[in-house]
Amino acid sequence: MPRFALKVEYHGAPFAGWQRQKDQPSVQGAIEDALARLEPGPHTIAAAGRTDTGVHGLGQVAHCDMVKEWDPFRLSEALNFHLKPAPVAIVDCARVEGDWHARFSAVERQYLFRILIRRAPATHEAGQVWQLNHDLDADAMQEAANHLIGQHDFTTFRSSICQAASPLKTLDELRVERVQGFSGPEIHFHVRARSFLHNQVRSFVGTLERVGAGAWAPEDVKTALEAEDRAACGPVCPGHGLYLARVGYPDDPFEIAE
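Going by full-length UniProt numbering, 86 is the number at position 86 of the sequence shown; the sequence numbering is gapless.
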């Protein structure tokens, strides 16, 4: 059966996460329903990451198996037609080998988290940022974030319901950046690793926010990490500021297709 890689963009607000659920809308379910409109029968797609409720996708990657040998452009156009009006779009599509897997072939995942700093309620950015009405010290947060880079036991920053076999992960990048957005100052967190624990990024950001607000010292994050205790973690921030930005592969199927 021909296999296709799909690059997927979505607004996470209407969905109970990526993963198909019996009684709640999901991004996976929306795409599988669209596939069934093109080729009748059950469809099961696999994705590089299972984002939680409210989390957005800029560069999520999934793969699907079809019966027909579709032209990739026509497949993406047809899926986008049947995905309307859901806030989900197939922004690229490529034919891949039968053993290529969106999750298991991936070697890197990159996340972006956005904090908007302003007192007035967000309008255009509502549901797409974590809004705070107090300023944050980006330099102090970067100093704290540097303690998390590298290979560590991340038990402190792991959800109690995480199903990963081990809390040991290697964090390749955790960069804190202050930018001027159209709606006001923003703090962006750029996070990159081969794989992540459940709620790991949101736990990082919630903890670093405490540093930026002056409630924690940068060194306190190192102490929390070394505690290897979930109780030592700061607050877990909301999901609607988080984006799965990019998935990396040894040979990017979308670049090859170009």
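The beta carbon of each residue, even a glycine, is placed where N, CA and C say it ideally should be.
No experiment lies behind these values; they were computed from the predicted model shown.
- For Lys84, the number of other beta carbons within 10 angstroms of its own is below 16, and it is reported as exposed.
- Beyond the five residues adjoining it in sequence on each side, Leu168 comes within less than 8 angstroms, by CB distance, of Gln151, His152, Asp153 and Phe154 in the same chain, given in chain order.
- Straight-line spacing of the CA atoms in Gly184 and Leu35 works out to 40 angstroms.
- The region 89-175 contains, as complete alpha helix (DSSP H) runs of 4+ residues, the segments 138-145 (chain order).
- For Arg74, the number of other beta carbons within 10 angstroms of its own is below 16, and it is reported as exposed.
- Annotated three-state conformation of Pro185 is strand, per DSSP.
- Here Ile187 is near Leu136, since their CB atoms are less than 8 angstroms apart.
- Note on Ala215: under 16 other CB atoms within 10 angstroms of its CB, so exposed under the neighbour-count rule.
- The C-beta distance from His63 to Phe104 rounds to 10 angstroms, too long to meet the 8 angstroms contact threshold.
- With the rule of 3 Cβ pairs closer than 8 angstroms, the region 42-55 counts as touching the region 12-30.
- Counting only residues of its own chain and dropping the five nearest sequence neighbours on each side, Gly59 has a CB closer than 7 angstroms to the CB of Lys7, Leu244, Ala245, Arg246 and Val247.
- Per DSSP, Asp220 lies in no beta strand (DSSP E) segment; the continuous alpha helix (DSSP H) that holds it begins and ends at Pro218 to Ala227.
- Counting along the chain, the unbroken alpha helix (DSSP H) around Gln28 starts and ends at Val27 to Leu38.
- Here Cys233 has Thr156, Phe157, Ser203, Gly206, Thr207 and Ala224 as same chain residues with Cβ atoms under 8 angstroms from its own Cβ, once five neighbours each way along the sequence are excluded.
- Assignment of His43 by DSSP, reduced to helix, strand and coil, places it in the coil class.
- Nearest in C-alpha terms to Tyr249, of all of Ala165, Ser195 and Ile31, is Ser195.
- Under DSSP, Ala5 takes part in a beta bridge, and its partners are His63 and Ala94.
- CA-CA distance, Glu32 to Ala165, rounds to 29 angstroms.
- Asn199 counts as buried, since at least 16 other C-beta atoms from the protein chains shown sit within 10 angstroms of its C-beta.
- Ranking Glu209, Gly241 and Thr170 by CA distance to the CA of Glu108 puts Thr170 first.
- When secondary structure is reduced to three states using DSSP, His198 falls in the coil class, being assigned neither helix nor strand.
- Closest by C-alpha distance to Asp71, out of Ile256, Arg37, Leu197 and Ala94, is Ala94.
- DSSP places Arg74 in no beta strand (DSSP E) but in the uninterrupted alpha helix (DSSP H) bounded by Pro72 to Leu83.
- Linking Pro40 to Arg114 through their CA atoms gives a straight-line distance of about 40 angstroms.
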